[in-house]
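In the numbering used here, the protein residues as written are 233 to 332.
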């Protein structure tokens with residue numbers, strides 16, 4: 233598997249470097265649940281791409297709607313053109329329990 237390496241002209245700025253370092257540190261210490269909060273357009277996807285690059289682990293990104301999932305897949309494909317970025321969307325609009 234090729235190394236995760238971001239392809240971008242941008243560099244982390246503002247609060248991003250601190251957020252990246254803290255998220256990576258917590259992943260390295262085994263913390264399994266973290267939240268990255270920010271307003272629309274604040275660079276959360278770029279911040280997470282930097283976390284993926286630093287931890288060098290395959291990553292599952294889950295979105296709460298299909299529009300955001302498509303946007304995230306597109307952006308991650310641009311950030312990681314040398315890695316596999318897959319996109320899956322459920323065909324169900326609601327939870328459908330298994331019928332017995």
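Think of the CB as a built atom: it goes at the ideal place given N, C-alpha and C, for glycine as much as any other residue.
In the DSSP assignment, find the unbroken alpha helix (DSSP H) run with residue i in it and report its ends.
i	result
residue 304	298-311
residue 254	248-260
If you reduce the DSSP assignment to three classes, tell me which class residue i lands in.
i	result
residue 282	helix
residue 321	coil
residue 276	helix
residue 239	coil
residue 287	helix
Where does residue i land, buried or exposed, given buried means 16+ other C-beta within 10 angstroms?
i	result
residue 236	buried
residue 282	buried
residue 255	buried
residue 311	buried
residue 277	buried
With a Cβ-Cβ cutoff of 8 Å, do residue i and residue j count as a contact?
i	j	result
residue 252	residue 279	yes
residue 317	residue 305	yes
Candidates the options: which alpha carbon is nearest residue i's?
i	options	result
residue 240	314, 323 and 273	314
residue 267	285, 308 and 293	293
Could you tell me if the beta carbon of residue i falls within a distance shorter than 7 Å of some heavy atom in the ligand SAM?
i	result
residue 299	By its list of ligands, the structure shown contains no ligand whatsoever, and the ligand SAM lies outside what it can speak to.
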